[in-house]
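Colleague:
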Amino acid sequence: GIQVEQSPPDLILQEGANSTLRCNFSDSVNNLQWFHQNPWGQLINLFYIPSGTKQNGRLSATTVATERYSLLYISSSQTTDSGVYFCAAETSGSRLTFGEGTQLTVNP
Amino acid sequence: GAVVSQHPSRVICKSGTSVKIECRSLDFQATTMFWYRQFPKQSLMLMATSNEGSKATYEQGVEKDKFLINHASLTLSTLTVTSAHPEDSSFYICSARGVQGGDSPLHFGNGTRLTVT
Chain W
8 GIQVEQSPPD LILQEGANST LRCNFSDSVN NLQWFHQNPW GQLINLFYIP SGTKQNGRLS
68 ATTVATERYS LLYISSSQTT DSGVYFCAAE TSGSRLTFGE GTQLTVNP
Chain L
327 GAVVSQHPSR VICKSGTSVK IECRSLDFQA TTMFWYRQFP KQSLMLMATS NEGSKATYEQ
387 GVEKDKFLIN HASLTLSTLT VTSAHPEDSS FYICSARGVQ GGDSPLHFGN GTRLTVT
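Chain order of the listed sequences is W and L.
The letter at position 79 of the first sequence is residue 86 when you use our numbering, and the numbering goes up by one with no holes.
The letter at position 78 of the second sequence is residue 404 when you use our numbering, and the numbering goes up by one with no holes.
(1) Between PRO431 of chain L and chain W, is any beta-carbon pair separated by less than 7 Å?
(2) Which class does THR87 of chain W belong to by DSSP, given the choice of helix, strand or coil?
(3) Out of curiosity, what's the CA-to-CA distance linking SER415 of chain L and ASP391 of chain L?
(4) With a Cβ-Cβ cutoff of 7 Å, do LEU50 of chain W and GLN44 of chain W count as a contact?
(5) Counting only beta-carbon atoms, is SER399 of chain L nearer than 7 Å to chain W?
(6) Quick one: any contact between the segment 350-365 of chain L and the segment 387-406 of chain L, if contact means 3 or more CB pairs under 8 Å?
(7) I need the straight-line Cα distance from GLU378 of chain L to LEU352 of chain L, nearest angstrom please.
(8) For the putative contact between THR27 of chain W and TYR80 of chain W, defined by C-beta atoms under 8 Å, what is the C-beta separation to the nearest angstrom?
(9) Does the count of Cβ pairs from the segment 364-372 of chain L and the segment 341-352 of chain L closer than 8 Å reach three?
(10) Pop quiz: THR109 of chain W and GLN21 of chain W are said to be a contact at Cβ under 8 Å. What is the actual Cβ separation, rounded to whole angstroms?
(11) ASP34 of chain W by DSSP, collapsed to three states: which one?
(12) What is the rounded straight-line gap between the Cα of LEU111 of chain W and the Cα of GLY437 of chain L?
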């Protein structure tokens with residue numbers, strides 16, 4: 008099956024810093040989603056981005072499907088951005104394969 | 327936006343008992359729902375695909391007799407963990423997409439944290 012790799016596995020930032028999270032996938036995908044999992048386990052949809060670039064406030068994402076990667080940009084990070092960020096590649100039958108996640112800690 | 331509700335959010339049960347978890351799509355119909363499991367500090371792993379009106383499709387290594395899935399309506403799928411054991415303790419989370427199909431994101435419930443004592 009498809010392999011999804013995320014980097015870095017852990018990231019510690021000072022409030023106000025910018026960061027880039029990367030997601031590589033080993034095969035063609037139908038879609039690519041980014042999620043933020045908060046400390047209570049809730050998965051929050053950030054982006055549904057099979058290709059191209061999208062922006063939502065301080066967050067933006069770019070997927071280059073032909074090169075099999077996606078990037079999540081966080082600008083002016085805040086302590087509330089802390090948590091685990093997952094990317095998930097969607098293949099046939101709407102099956103999502105998740106990466107191992109990036110644990111982000113934003114310190115005040 | 328699309329809302330998926332999961333209940334209960336947390337459950338503690340004794341070893342050998344069964345636990346049922348519900349997943350509802352509140353404002354859309356879902357012909358297909360998905361069940362995932364997440365162990366602490368790990369990623370989410372797909373357990374099974376729940377199909378309305380037909381049998382669920384299980385991923386390799388997932389025991390279908392232990393994790394019973396029923397998708398009796400377009401808005402409800404249930405996962406029953408039968409004869410639970412401590413190693414079944416995990417975070418279970420469901421997801422769904424509306425009947426309009428592939429051009430929309432999958433939405434997730436808030437998850438159920440199961441602890442088997």
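Beta carbons: idealized from backbone N, C-alpha and C, even for Gly.
Just so it is clear, the structure is predicted and the values come from calculations on it, not from any experiment.
Modeller: In short:
(1) Here the question's residue 431 of chain L lines up with position 105 in the second sequence. Interface residue, yes.
(2) Taking the first sequence and counting its residues from 1, one reaches residue 87 of chain W at position 80. Judged by DSSP in its simplified three-state form, THR87 of chain W adopts helix.
(3) Counting from 1 along the second sequence, the entry for residue 415 of chain L is found at position 89. Counting from 1 along the second sequence, the entry for residue 391 of chain L is found at position 65. Roughly 17 Å between the two C-alpha positions.
(4) Taking the first residue of the first sequence as position 1, residue 50 of chain W is located at position 43. Taking the first residue of the first sequence as position 1, residue 44 of chain W is located at position 37. Result yes, Cβ atoms of LEU50 of chain W and GLN44 of chain W sit closer than 7 Å.
(5) Walking along the second sequence from the start, residue 399 of chain L turns up at place 73. Not closer than 7 Å to any Cβ of chain W, the Cβ of SER399 of chain L fails to qualify, so no.
(6) These segments touch.
(7) Taking the second sequence and counting its residues from 1, the one referred to as residue 378 of chain L is at position 52. Taking the second sequence and counting its residues from 1, the one referred to as residue 352 of chain L is at position 26. Distance from the CA atom of GLU378 of chain L to the CA atom of LEU352 of chain L, rounded to whole angstroms, is 16 Å.
(8) Numbered from its first residue, the first sequence carries residue 27 of chain W at position 20. Numbered from its first residue, the first sequence carries residue 80 of chain W at position 73. That pair is a contact at about 5 Å.
(9) Using a Cβ-Cβ distance cut-off of 8 Å, the segment 364-372 of chain L and the segment 341-352 of chain L are not in contact, since fewer than three pairs of beta carbons, one from each stretch, lie closer than that value.
(10) If you number the first sequence from 1, residue 109 of chain W lands on position 102. If you number the first sequence from 1, residue 21 of chain W lands on position 14. That pair is no contact at about 17 Å.
(11) In the first sequence, counting from the first residue as 1, residue 34 of chain W sits at position 27. Judged by DSSP in its simplified three-state form, ASP34 of chain W adopts coil rather than helix or strand.
(12) Working through the first sequence from its first residue, we reach residue 111 of chain W at position 104. Working through the second sequence from its first residue, we reach residue 437 of chain L at position 111. Going by the C-alpha atoms only, they are around 21 Å apart.
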